[in-house]
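Okay, so here's the structure we're looking at.
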Amino acid sequence: MPYQLDSVFQIAGIGIIVAMIHTILKQMGKEDFAHWVTLFGFGVVLFMVAMLLQDLFNTIKDVFLFRT
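So that you can map any letter, position 4 of the sequence shown is 4 in the UniProt record's numbering, and since no number is skipped, the others follow by simple counting.
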């Protein structure tokens, strides 16, 4: 599986898991914990996207500076 497609599935999986945990906690009446779980999931996904963007910019820099 290509690198980019694997990352998309990882992000989607995190989103599904966070949504399920959020729903379960909300039904249990623990809305504060549900919001914290959602915020934590968002932070993890944001970190993953930042790493992917860093790889993208390094690749672009290598292409235009003719480095290998």
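Using N, Cα and C, we set each Cβ at its ideal position, and we do this for glycine too. The structure presented is a predicted model; accordingly, all values stated were derived computationally and were not measured.
On the criterion of 16 or more Cβ atoms from any shown chain inside 10 Å, does A50 qualify as buried, or is it exposed?
The residue labelled residue 50 in the question sits at position 50 within the sequence shown. With fewer than 16 other Cβ atoms within 10 Å, it is exposed.
Taking just the CA atoms, how far does F42 sit from V18?
Indexing the sequence shown from 1 puts residue 18 at position 18. Indexing the sequence shown from 1 puts residue 42 at position 42. Looking at the two C-alpha atoms, the distance is approximately 9 Å.
Presumed contact (8 Å Cβ cut-off) between V45 and I11, rounded CB distance:
Counting from one through the sequence shown, the residue named residue 45 turns up at place 45. Counting from one through the sequence shown, the residue named residue 11 turns up at place 11. Indeed they touch by this definition, with Cβ atoms about 5 Å apart.
Return the CA-CA distance between Q27 and V8, expressed in angstroms with no decimal places.
The residue given as residue 27 occupies position 27 in the sequence shown. The residue given as residue 8 occupies position 8 in the sequence shown. Going by the C-alpha atoms only, they are around 29 Å apart.
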